[in-house]
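A.B. asks: Before we start, here is the structure in question, set down as structure tokens.
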Amino acid sequence: MPLSTENMPQQIRDFKQALKAQMPDYQSRFEQVSEAMKVEVERIKQEESKGSAIPEFEFADIAESGFSDEQKQQVHRAGCCIVRNTLPAEEVTEHNEALSQYIIDNGYYDHTPTVEDNYFSQLKSDKPQIFGIYWSQAQIWARQHPNMATARRHLNHLWTWQDKGKTFFNPDLEASYADRVRRREPGDATLGLSPHVDSGSIERWIEPHYREVYREVFLGDWQNYEAFHGANRIEVEEYPSPAVCSVFRTFQGWVALTSQGKGDGTLQMVPSTMAMPYMLLRAIQDDVPEEDLCGAAPGRALTVSAKWHPILLEGLVSIPKMNPGDTVWWHPDTIHAVEDKHNGDGYSNVLFIGAAPDCEKNQLFLAKQRTAFLNGESCPDFAPEHHERTYTGRATLDDLSELGKRQMGFE
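When we follow numbering that gives the first Met the number 0, the leftmost residue of the sequence shown carries the number 0, and every step to the right adds one.
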């Protein structure tokens, strides 16, 4: 049944009433998960004091055989990781410079916005930090690079991708998802994003397939919840919005185009998969209004707030220093944010590239995205700015490798 925003307060009240009926000890269950989350926060703080709470791996070490059992456990607990030297640093630097020239030569800065981007609408149009660019040579090069394909294949295999005779997705082939570019200049204070989770907000409680994803949590059996199990993930439905990704991603991610680290206006995360069960059960406690889910709203990111989730904010940490070619990856349920200000000396640039494995949900999206690629239009998930329709140097079908064509669904 399609999602509806009609009488949303009543939908929420009905959900809460039904959930509390099937889990009458919801208060004690939340107390248990709260204690577990406090333990996780202490772990994060201890690991940060020794270096970083975000697991780090060298691409060369995982390229052939993937992640070891110990490494897999690390990612399953943290919900994120860094893969160093995924792409060759010198080539990344060359593409970063070419991307800058592509933006300048095609007059991006002279463009007057005619559509609203609901996600980054607070950014100043005269000094953009997030660029509505999707089809530059640099982005195509990175998305279809064999090393990226290898890294994403191993990341996909961290998930349970088939179970009980059903295959949820193909971990060995990517559906290339066109995302944007971040180029953050020193001193910028316009891009800070408060802690949040993408891929839907209110849907996580009221959408039937999401309820199945979190079935153990909603039955009170949160200890047995498997964040990396693919069942029902492909079927979930999101409220359409320029702020919501409509493909299934095993990991969100980006590749560093420049050196950047803590204080450079970069990424922050709460590296714990315990955070989502905590948020789900927090929203049904008696101090939350009956028609509210801790501020969750259709078509927006799921926000983490000091009012409802103070313990989670204690676990928010900045990623360690990244160098050109390093990649960072986080589970679609992982809380993340962007530092309020870039206090560094150089540009903090990234290409947003996640892992979206081949599956029916993503194939349906590729059909729309192929048309956008051929016409130089914005990715269908984002505001229809269509900057690149007339851009010189935009990537075309001839620039796709055989792997790139398969990833885009041309073959």
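Where a beta carbon is used, it is the ideal one built from N, C-alpha and C, also for glycine.
Computed from a predicted model, the values in this text were never measured in an experiment.
Which partner residues does residue 165 have in the DSSP bridge list?
C.D. replies: Locating residue 165 in the sequence shown gives position 166, where the first residue counts as 1. According to DSSP, which records beta bridges pairwise, residue 165 is partnered with 162.
A.B. asks: Can you check DSSP and say which residues form a bridge with residue 56?
C.D. replies: The residue you call residue 56 lines up with position 57 of the sequence shown. The partner list for residue 56 (beta bridge, DSSP) reads 82.
A.B. asks: On a CA-only basis, which of 169, 223 and 233 is nearest residue 208? Give me that one, please.
C.D. replies: Within the sequence shown, residue 208 is the residue found at index 209, counting from 1. Here the closest residue by C-alpha is 233.
A.B. asks: Is the Cβ-Cβ distance between residue 332 and residue 78 less than 8 Å?
C.D. replies: Within the sequence shown, the letter at position 333 stands for residue 332. Within the sequence shown, the letter at position 79 stands for residue 78. Contact flag set, yes.
A.B. asks: Since residue 147 is in the alpha helix (DSSP H), which residue starts that stretch and which ends it?
C.D. replies: Position 148 of the sequence shown, counted from the start, is the residue given in the question as residue 147. Its alpha helix (DSSP H) spans residues 145-155.
A.B. asks: Would you mind reading off the limits of the alpha helix (DSSP H) that contains residue 374?
C.D. replies: Here the question's residue 374 lines up with position 375 in the sequence shown. Its alpha helix (DSSP H) spans residues 359-374.
A.B. asks: Let me check understanding here. Comparing Cα to Cα, which of 359, 288, 290 and 271 lies closest to residue 80?
C.D. replies: Along the sequence shown, read from residue 1 onward, the residue named residue 80 stands at position 81. If we check each option's Cα against that of residue 80, 271 comes out closest.
A.B. asks: So for residue 109, helix, strand or coil by DSSP?
C.D. replies: The residue labelled residue 109 in the question sits at position 110 within the sequence shown. Helix.
A.B. asks: Spell out the partners DSSP gives residue 255 in its beta bridges.
C.D. replies: Within the sequence shown, numbered from 1, the residue matching residue 255 stands at position 256. According to DSSP, which records beta bridges pairwise, residue 255 is partnered with 349.
A.B. asks: With a threshold of 16 other CB atoms inside 10 Å of the CB of residue 129, please say whether the residue is buried or exposed.
C.D. replies: By one-based count along the sequence shown, residue 129 stands at place 130. So residue 129 ends up on the buried side.
A.B. asks: Judging by CA-CA distance, which residue of 372, 159, 380 and 341 is the nearest neighbour of residue 403?
C.D. replies: In the sequence shown, counting from the first residue as 1, residue 403 sits at position 404. Ranking the options by Cα distance to residue 403, first place goes to 372.
A.B. asks: Output the distance between the C-alpha atoms of residue 194 and residue 304, rounded to the nearest integer angstrom.
C.D. replies: The residue you call residue 194 lines up with position 195 of the sequence shown. The residue you call residue 304 lines up with position 305 of the sequence shown. The straight-line gap from Cα to Cα measures roughly 8 Å.
A.B. asks: Taking the alpha carbon of residue 108 as the reference point, which residue from 92, 315, 93 and 132 has its own alpha carbon closest?
C.D. replies: As a working mapping, residue 108 is identified with position 109 in the sequence shown. The shortest Cα separation from residue 108 among 92, 315, 93 and 132 belongs to 132.
A.B. asks: If we ignore side chains and look at the alpha-carbon of each, how far apart do residue 40 and residue 314 end up?
C.D. replies: In the sequence shown, counting from the first residue as 1, residue 40 sits at position 41. In the sequence shown, counting from the first residue as 1, residue 314 sits at position 315. In a straight line, the C-alpha of residue 40 is about 5 Å away from that of residue 314.
A.B. asks: Three Cβ pairs or more, each shorter than 8 Å: is that satisfied between the segment 91-100 and the segment 250-267?
C.D. replies: With a cut-off of 8 Å, the segment 250-267 and the segment 91-100 count as touching, because enough Cβ pairs lie within range.
A.B. asks: Taking the straight line between their C-alpha atoms, what separation do you get for residue 244 and residue 363?
C.D. replies: For the purposes of this step, residue 244 is taken as residue 245 along the sequence shown, with counting starting at 1. For the purposes of this step, residue 363 is taken as residue 364 along the sequence shown, with counting starting at 1. Their backbone Cα atoms lie some 13 Å apart in a straight line.
A.B. asks: Where residue 183 and residue 345 are concerned, what is the direct C-alpha to C-alpha distance, given to the nearest angstrom?
C.D. replies: What you label residue 183 is simply residue 184 of the sequence shown in a count that begins at 1. What you label residue 345 is simply residue 346 of the sequence shown in a count that begins at 1. Taking the straight line joining both Cα atoms gives about 9 Å.
A.B. asks: If residue 350 and residue 138 are in contact, beta carbons under 8 Å, what's the gap, nearest whole angstrom?
C.D. replies: On the sequence shown, position 351 is the one that residue 350 refers to. On the sequence shown, position 139 is the one that residue 138 refers to. Correct: roughly 6 Å between the Cβ atoms.
A.B. asks: Would you call the CB atoms of residue 347 and residue 265 closer than 8 Å?
C.D. replies: Residue numbering aside, residue 347 sits at position 348 when the sequence shown is read from its first letter. Residue numbering aside, residue 265 sits at position 266 when the sequence shown is read from its first letter. Yes, Cβ-Cβ distance for residue 347 and residue 265 is below 8 Å.
A.B. asks: In the DSSP assignment, what residue or residues form a beta bridge with residue 129?
C.D. replies: In the sequence shown, the residue the question calls residue 129 occupies position 130. DSSP lists 181 as partners of residue 129.
A.B. asks: Closer than 8 Å by C-beta to residue 287: which residues in its own chain qualify, once you throw out the five before and the five after it? Chain order, please.
C.D. replies: Position 288 of the sequence shown, counting from 1, holds the residue named residue 287. Correct list, in chain order: 281, 293 and 307.
A.B. asks: Please name the residue or residues paired with residue 321 in a DSSP beta bridge.
C.D. replies: Start at 1 with the first residue of the sequence shown, and residue 321 comes out as number 322. DSSP lists 259 as partners of residue 321.
A.B. asks: Quick check: the segment 22-38 against the segment 206-220, are there 3 or more CB pairs under 8 Å?
C.D. replies: Yes: at least three Cβ pairs fall under 8 Å.
A.B. asks: Just to confirm, are residue 143 and residue 368 a CB contact at a threshold of 8 Å?
C.D. replies: As a first step, residue 143 is located in the sequence shown; it is residue number 144 there, counting from the start. As a first step, residue 368 is located in the sequence shown; it is residue number 369 there, counting from the start. Not closer than 8 Å, so no.
A.B. asks: Taking residue 328 as the reference, which of 379, 4 and 147 has the closest Cα?
C.D. replies: As a working note, residue 328 is residue 329 in the sequence shown. Nearest C-alpha to residue 328: 147.
A.B. asks: Tell me which residues share the same chain as residue 411 and place their Cβ nearer than 6 Å to its Cβ, disregarding the 5 neighbours each side in the sequence.
C.D. replies: There is no way to answer for residue 411, as the model of the chain reaches only from 0 to 410.
A.B. asks: Tell me whether residue 222 is buried or exposed, calling it buried when 16 or more other Cβ atoms sit within 10 Å of its Cβ.
C.D. replies: As a first step, residue 222 must be located in the sequence shown, where it is residue number 223. Its Cβ having fewer than 16 others within 10 Å, residue 222 is exposed.
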